[in-house]
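Protein chains in written order, with my numbering: chain A, 637 to 747; chain B, -15 to 93.
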């Protein structure tokens, strides 16, 4: 327990079809995060969702390329996350950012 | 309303423990320890402290996709399980968050 550090969980919700310049927004965000020096990031693709536009996006065998939700999560110290938040706000045209308190423990640095 | 703790365990899909996928071993340990539920989510890409990107969209680095295991339980039970968990997970990330409302329905699985 004592080894856990007080940090923050930053969650970034975008759509798979969102773009920043020519690349998918989530790809641009992950590349930005790698360059920004945060300890790591994990990307999940949702299976259904709605938000912003109010249109429901759902995966279906009848849809070739549904515009599914994509979630990017970052866990790090607040000192590492605080400076990137305004940059993300400037990058991301549409989407949702959330911040929550999380204690964390990183087991080795092999990853 | 009761409060609880959310334990999240981030590992790689191809991490192994005792010859089997680590995330399966973790779920088995959680079941053995009497946890009432766990949810496993597969990521599509990620990076860790080495900065090496693992991504489904990249053909040459599509191995080792992130896997996230989530467990919600009483804080005491989770804290008691952490030493055991740390013997299984040698590489990865553990996070703990306070859950402000928790409701368990249905029979214990």
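Heads up, the beta-carbon is just placed ideally off N, CA and C, and yes, glycines get one too.
For residue j and residue i, the rounded distance between their alpha carbons
i	j	result
residue -9 of chain B	residue 721 of chain A	25 Å
residue 38 of chain B	residue 50 of chain B	8 Å
residue 65 of chain B	residue 691 of chain A	42 Å
residue -1 of chain B	residue 688 of chain A	37 Å
residue 684 of chain A	residue 743 of chain A	32 Å
residue 18 of chain B	residue 30 of chain B	31 Å
residue 85 of chain B	residue 44 of chain B	43 Å
residue 60 of chain B	residue 68 of chain B	14 Å
residue 13 of chain B	residue 70 of chain B	12 Å
residue -5 of chain B	residue 25 of chain B	11 Å
residue 76 of chain B	residue 16 of chain B	21 Å
residue 738 of chain A	residue 711 of chain A	8 Å
Chain B contact for residue i (CB, 7 Å cutoff)
i	result
residue 734 of chain A	no
residue 670 of chain A	yes
residue 704 of chain A	no
residue 675 of chain A	yes
residue 651 of chain A	no
8 Å Cβ cut-off: residues of chain B touching residue i
i	result
residue 655 of chain A	In chain order: nothing, as chain B lies at least about 14 Å away.
Minimum Cβ-Cβ distance from residue i to chain A less than 7 Å
i	result
residue 75 of chain B	yes
Simplified DSSP state of residue i, which is helix, strand or coil
i	result
residue 704 of chain A	coil
residue 7 of chain B	helix
residue 71 of chain B	helix
residue -13 of chain B	strand
residue 725 of chain A	helix
residue 59 of chain B	helix
residue 39 of chain B	strand
residue 645 of chain A	strand
residue 667 of chain A	helix
residue 651 of chain A	strand
residue 85 of chain B	strand
Proximal chain A residues relative to residue i, where beta-carbon distance stays under 7 Å
i	result
residue 79 of chain B	645, 711, 738, 739 and 740
residue -6 of chain B	678
residue 50 of chain B	678
residue 25 of chain B	680
Same chain, Cβ closer than 6 Å to residue i, five either side skipped, listed in chain order
i	result
residue 650 of chain A	661, 662, 706 and 731
Closer than 9 Å at the beta carbon, the chain B residues around residue i
i	result
residue 744 of chain A	33, 74, 75 and 76
residue 666 of chain A	29, 30, 31, 37 and 39
Proximal residues of chain A, C-beta to C-beta of residue i below 8 Å
i	result
residue 13 of chain B	In chain order: nothing, as chain A lies at least about 15 Å away.
residue 6 of chain B	Ordered by position in chain A, no residue passes the 8 Å Cβ test against residue 6 of chain B, which lies about 11 Å from the chain.
Neighbour list for residue i in chain A, Cβ cutoff strictly below 9 Å
i	result
residue 70 of chain B	639, 741 and 743
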